[in-house]
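Visitor: Input: one structure, supplied below.
In the working numbering, the protein residues as written are 1 to 134.
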């Protein structure tokens with residue numbers, strides 16, 4: 001439960017804030033990311049129950065990229081994306097790095113050769129061996 005001081009929220013659980021800020025679709029996914037060490041708060045690995053306060057600097061790694069954000073507002077409820085974006089401010093270095101990585105990923109897709117069709121039986125066996133299942 002969040003702490004209140006004069007009817008104003010002073011902290012929120014990490015997983016609730018990440019969910020409300022729309023970094024993850026569910027609280028369970030946010031908690032799992034914390035468990036896997038993909039969330040850092042002020043250069044320390046953060047657990048799901050850790051309190052987030054205004055002014056904290058978070059490093060968030062998810063499928064959308066690596067974000068370095070400063071917490072501006074607190075919320076326990078998930079609202080529209082426009083409201084969620086007001087909860088934090090992403091650093092300029094973080095934005096530039098994400099754009100650079102996205103461009104590199106897009107450029108690499110142009111050089112990747114797509115297979116002509118379905119894999120043959122021999123190809124499937126190689127894939128299964130490569131994945132460590134056989």
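Built from N, CA and C at the ideal position, the CB exists for glycine as well. Being a predicted model, the structure only gives us computed values, none of them experimental.
Taking its Cβ as the centre, do 16 or more other Cβ atoms sit within 10 Å of residue 116, making it buried, or is it exposed?
Guide: Position 116 of the chain shown, counting from 1, holds the residue named residue 116. Per the 10 Å Cβ criterion, exposed.
Visitor: Any heavy atom of the ligand FMN closer than 7 Å to the CB of residue 113?
Guide: No copy of the ligand FMN appears in this structure; indeed no ligand is present at all.
Visitor: Check the DSSP bridge columns for residue 39 and list the partner residues they point to.
Guide: Translated into the one-based positions of the chain shown, residue 39 becomes position 39. Looking at the DSSP assignment, residue 39 forms a beta bridge with 60.
Visitor: For residue 45, which three-state DSSP category applies?
Guide: Taking the chain shown and counting its residues from 1, one reaches residue 45 at position 45. Residue 45 falls in the strand class under three-state DSSP.
Visitor: Could you tell me which residues DSSP puts in a beta bridge with residue 89?
Guide: Taking the chain shown and counting its residues from 1, one reaches residue 89 at position 89. The partner list for residue 89 (beta bridge, DSSP) reads 70.
Visitor: So for residue 126, helix, strand or coil by DSSP?
Guide: As a position in the chain shown, residue 126 is number 126, starting the count at 1. If DSSP states are grouped into helix, strand and coil, residue 126 belongs with the helices.
Visitor: Assign residue 13 to buried or exposed, taking buried as 16 or more other Cβ atoms, counted over all protein chains shown, within 10 Å of its Cβ.
Guide: As a working note, residue 13 is residue 13 in the chain shown. With 16 or more other Cβ atoms within 10 Å, it is buried.
Visitor: Which whole-angstrom value describes the C-beta separation of residue 83 and residue 69, a residue pair presumed to lie in contact below a C-beta threshold of 8 Å?
Guide: Your numbering for residue 83 matches position 83 in the chain shown. Your numbering for residue 69 matches position 69 in the chain shown. With a Cβ gap of about 15 Å, residue 83 and residue 69 do not count as contacting.
Visitor: Secondary structure at residue 77, three-state DSSP: helix, strand or coil?
Guide: Mapped onto the chain shown, residue 77 falls at position 77. Three-state DSSP puts residue 77 in coil, outside helix and strand.
Visitor: Does residue 52 come out as helix, strand or coil in the three-state DSSP assignment?
Guide: Numbered from 1 along the chain shown, position 52 holds the residue referred to as residue 52. In this structure, residue 52 counts as strand in the three-state DSSP scheme.
Visitor: Strictly by DSSP, which residues pair up with residue 117?
Guide: By one-based count along the chain shown, residue 117 stands at place 117. DSSP lists no partner for residue 117.
Visitor: Suppose the cutoff is 8 Å on Cβ atoms and the five residues either side in sequence are ignored; what does the same chain contact list for residue 1 look like?
Guide: Against the chain shown, residue 1 aligns to sequence position 1. Low per-residue confidence applies at residue 1: pLDDT is 47, beneath 50, and the placement is therefore not dependable enough to give any value.
Visitor: Considering residue 20, what are the terminal residues of the alpha helix (DSSP H) in which it resides?
Guide: Counted from its first residue, the chain shown places residue 20 at position 20. That run of the alpha helix (DSSP H) goes 14–20.
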